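Take the first sequence: its letter number 160 is residue 159 in numbering that gives the first Met the number 0, and every next letter is one higher.
The structure appears right after this line, and notes come after that.
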Amino acid sequence: MTEDQEEISAGGIIQTPKGVHDILPVDHEYHTFIKKVVRHRLRQAGFRRISTPIFEFTELFQRGIGADTDIVSKEMYTFQDKKGRSLTLKPESTAGVCRAYIQNGMANLPQPVQLYYIEPHFRYDRPQKGRYRQFCHFGFEIIGESDAALDSQTIYLANLINKDLGIADLFTIQLNSIGTPQSRKEYAKVLTDFYFDKERSLCEQCKARLKTNPMRLLDCKEESCGILAQIAPKMADYLDEESKVFHADLKEYLDELGIKYVENPNLVRGLDYYTKTVFEFWDSAEGAQNAIGGGGRYDGLVELLGGGPTPAVGYAAGIERIIANMKREKIRVPHKDVIHIFVAQLGKEAKKKCLSLIADLREAGVKTMGALGKDSIKTHLRLADKFGAPYTIIMGLTEVREKVGIIRDMKVGTQKTVPYEKIVPEVIKLIGKENLDKYSAGELLYG
RNA sequence: GUGGCCGUAGCUCAGUUGGCAGAGCAUCUCGCUGUGGCCGAGAGGGUCGAGGGUUCAAGCCCCUCCGGCCACCCCA
Numbered sequence: 000m001t002e003d004q005e006e007i008s009a010g011g012i013i014q015t016p017k018g019v020h021d022i023l024p025v026d027h028e029y030h031t032f033i034k035k036v037v038r039h040r041l042r043q044a045g046f047r048r049i050s051t052p053i054f055e056f057t058e059l060f061q062r063g064i065g066a067d068t069d070i071v072s073k074e075m076y077t078f079q080d081k082k083g084r085s086l087t088l089k090p091e092s093t094a095g096v097c098r099a100y101i102q103n104g105m106a107n108l109p110q111p112v113q114l115y116y117i118e119p120h121f122r123y124d125r126p127q128k129g130r131y132r133q134f135c136h137f138g139f140e141i142i143g144e145s146d147a148a149l150d151s152q153t154i155y156l157a158n159l160i161n162k163d164l165g166i167a168d169l170f171t172i173q174l175n176s177i178g179t180p181q182s183r184k185e186y187a188k189v190l191t192d193f194y195f196d197k198e199r200s201l202c203e204q205c206k207a208r209l210k211t212n213p214m215r216l217l218d219c220k221e222e223s224c225g226i227l228a229q230i231a232p233k234m235a236d237y238l239d240e241e242s243k244v245f246h247a248d249l250k251e252y253l254d255e256l257g258i259k260y261v262e263n264p265n266l267v268r269g270l271d272y273y274t275k276t277v278f279e280f281w282d283s284a285e286g287a288q289n290a291i292g293g294g295g296r297y298d299g300l301v302e303l304l305g306g307g308p309t310p311a312v313g314y315a316a317g318i319e320r321i322i323a324n325m326k327r328e329k330i331r332v333p334h335k336d337v338i339h340i341f342v343a344q345l346g347k348e349a350k351k352k353c354l355s356l357i358a359d360l361r362e363a364g365v366k367t368m369g370a371l372g373k374d375s376i377k378t379h380l381r382l383a384d385k386f387g388a389p390y391t392i393i394m395g396l397t398e399v400r401e402k403v404g405i406i407r408d409m410k411v412g413t414q415k416t417v418p419y420e421k422i423v424p425e426v427i428k429l430i431g432k433e434n435l436d437k438y439s440a441g442e443l444l445y446g
């Protein structure tokens, strides 16, 4: 097969590349609903929305996420622009949000700065259900203040959103503290020393991890590695005093909020920038470690990216995974993609009359469809039925001549003739004022 | 990146030891020229994921690739 053909699998028909897909109208019902919940809950809590660019300089992610992490070392979509600069499609948003915080001088805003985002992200990974090369994350960040109460708020909000989505009970909150960078460095050294003469018993991957990120050895699933992890020195014993107090405070606040969590001393997280608090929402099913969301504190990131010392905490979750879970639980979401009325017409004069009638109905907030390209009453009624319209307006030459219209109740099959100018008010009465789709963007302000 | 299962119409799937590519649903048309659903008749829609090989003959056997799913890895 030639290179050209590799990306095109079916005789000239171009398909989507591996791991990406269309979001069709039925899936947008979920996306829209989830975004609505996220926006609502975060707006209530004083967060404001931010969008960072889809691509950034590669260095942002290398520095921010960590060059040795899986994300950076093997999962990024990196390319060069025409001037040879290395750019990367964003694999996550926290680094970009911190860059934006610095670049836009947000340190001069009242602290902490609370931001949220709903954005597409990209990772070159082997696809599976709920795991795609382009995926949508929502997330939020509290930047500029350090207090365990903020961490508790972050976890609370994440859990609250899950509750609104009907999936909170499916997930267990895994919680850990990985300490300050200093204490982590010390602990990493202790671990490295512990494993020094045991390297032969480790799996190939762990041998490599030992040099890059020794804490990763703790959650390896290989049997021999697992046994060693059991007797390895514990992070908790090497936590600095500050982190210990911070973690104890956080647990106190979570208890106060009535949030259940599981302490997981082996929870590490794949991104380098975390400090102290780390947490993930894990599938409660036995043995499952699939996460729909995770986050933690990253007090060093802003400084690492060239800003001043700025503590921060945040959370992010995958929308496709949330949808997969909602579907598995047979949770359906309300949506407004239903029409109120179908306008059926016969003959050119009627069609002309219907054009303004359709416009008037829509202006009044009645969701209206017509089949302007077809010319048979039978076809029109059949379409009205297929679209599930509760009412159909029928206009023919007779009605145009008599300046009336027929309103047909599709469920009962009865119909009545009303004067043309009474059609809109009559329809509104039938649909119910409260069900109208009135669009208002709010008053514009000038000057 | 490693291993396994899978790929036939828009959807769900039959297709026998290799022998003319099928069904149900959906779509469109007609029966019914201005009245939907039900019913009946008909039509369109496929290079059987792609390419190559074996064979008189391949949806079926062999190889490669593409794609989906699952387990790793990792994460959201």
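Heads up, the beta-carbon is just placed ideally off N, CA and C, and yes, glycines get one too.
Please read these numbers as outputs of a predicted model, since none were measured by experiment.
How far does the beta strand (DSSP E) with residue i in it reach, from first residue to last?
i: T191; result: From DSSP, T191 is part of no beta strand (DSSP E) but of the alpha helix (DSSP H) over P180 to Y194.
i: L23; result: From DSSP, L23 is part of no beta strand (DSSP E); its letter is neither H nor E.
i: E420; result: No beta strand (DSSP E) holds E420; DSSP gives it neither H nor E.
i: L216; result: It is not in any beta strand (DSSP E) - L216 carries neither H nor E in the DSSP assignment.
i: H136; result: Q133 to I142
i: Y116; result: V112 to F121
i: D248; result: Counting along the chain, D248 falls outside any beta strand (DSSP E), though it belongs to the alpha helix (DSSP H) covering E240 to L256.
Can you check DSSP and say which residues form a bridge with residue i?
i: M325; result: DSSP output for M325 lists no bridge partner at all.
i: V71; result: Beta-bridge pairing links V71 to no other residue.
i: Y390; result: I340 and D408
i: L86; result: F56 and F78
i: Y314; result: F139 and G294
i: F32; result: Bridge partners of F32: none, in fact.
i: L448; result: For residue 448 there is no data in the structure shown, the boundaries of the chain being 0 and 446.
i: T367; result: I340
i: Q414; result: R407
i: R47; result: L114
i: I226; result: I226 is not bridged to any residue.
Buried or exposed for residue i, going by 16 or more other Cβ atoms inside 10 Å?
i: E198; result: exposed
i: A447; result: In the structure displayed, the chain extends from 0 to 446; residue 447 sits before or after that span and is not available.
i: S8; result: Any reading at S8 needs caution, since the residue's pLDDT is 38, under 50, leaving its predicted position unreliable; the model's value is listed next. Its Cβ having fewer than 16 others within 10 Å, S8 is exposed.
i: R327; result: exposed
i: A147; result: buried
i: I12; result: exposed
i: K162; result: exposed
i: I226; result: exposed
i: F195; result: exposed
i: R42; result: exposed
i: Y297; result: buried
i: G95; result: buried
i: F78; result: exposed
Measuring CA to CA, which of the options is closest to residue i?
i: A453; options: S242, K34 and A187; result: There is no way to answer for residue 453, as the model of the chain reaches only from 0 to 446.
i: D69; options: D124, V332 and D248; result: D124
i: P264; options: K437, V417 and A235; result: A235
i: M276; options: E255, L238 and G306; result: Note that residue 276 is Thr in the sequence shown, not Met. For T276, the nearest C-alpha among the options comes from L238.
i: E362; options: P109, E241, H120 and K437; result: K437
i: Q181; options: N175, V189 and L174; result: V189
i: K377; options: A44, G441, R215 and I393; result: I393
i: F46; options: Q113, L23, I101 and K73; result: Q113
i: K35; options: Q173, R62, P109 and I117; result: I117
i: E144; options: S283, V312 and G431; result: V312
i: A247; options: P126, L174, G306 and E302; result: L174
i: H30; options: K410, K250 and F134; result: F134
i: G292; options: K128, Y115 and G138; result: G138
i: P126; options: E433, P111 and E74; result: E74
i: L156; options: R40, V403, L23 and I422; result: R40
i: K351; options: K402, R381, L304 and I33; result: K402
i: L371; options: G364, I33 and L356; result: L356
i: F193; options: I177, M214 and C202; result: M214
i: S223; options: C205, K210, L209 and H334; result: C205
i: N107; options: V423, V71, G306 and S439; result: G306
Residue j and residue i - do their beta-carbons sit closer together than 8 Å?
i: I322; j: D26; result: yes
i: A343; j: T413; result: no
i: V274; j: T179; result: Val is not the amino acid found at residue 274; the sequence shown has Thr there. Cβ atoms of T274 and T179: closer than 8 Å.
i: K89; j: E55; result: yes
i: I64; j: D271; result: yes
i: I258; j: N158; result: yes
i: K373; j: H379; result: yes
i: V337; j: G294; result: no
i: T87; j: Y76; result: yes
I'd like the span of the alpha helix (DSSP H) that includes residue i, first residue to last.
i: T153; result: A147 to D163
i: R130; result: Run containing R130: none; DSSP gives neither H nor E here.
i: S283; result: Segment: none, S283 is in no alpha helix (DSSP H) and carries neither H nor E.
i: D436; result: Neither: D436 is in no alpha helix (DSSP H) and is coded neither H nor E.
i: I464; result: Past the edges of the chain, shown from 0 to 446, lies residue 464, and the structure says nothing about it.
i: M234; result: M234 to Y237
i: E302; result: L300 to L303
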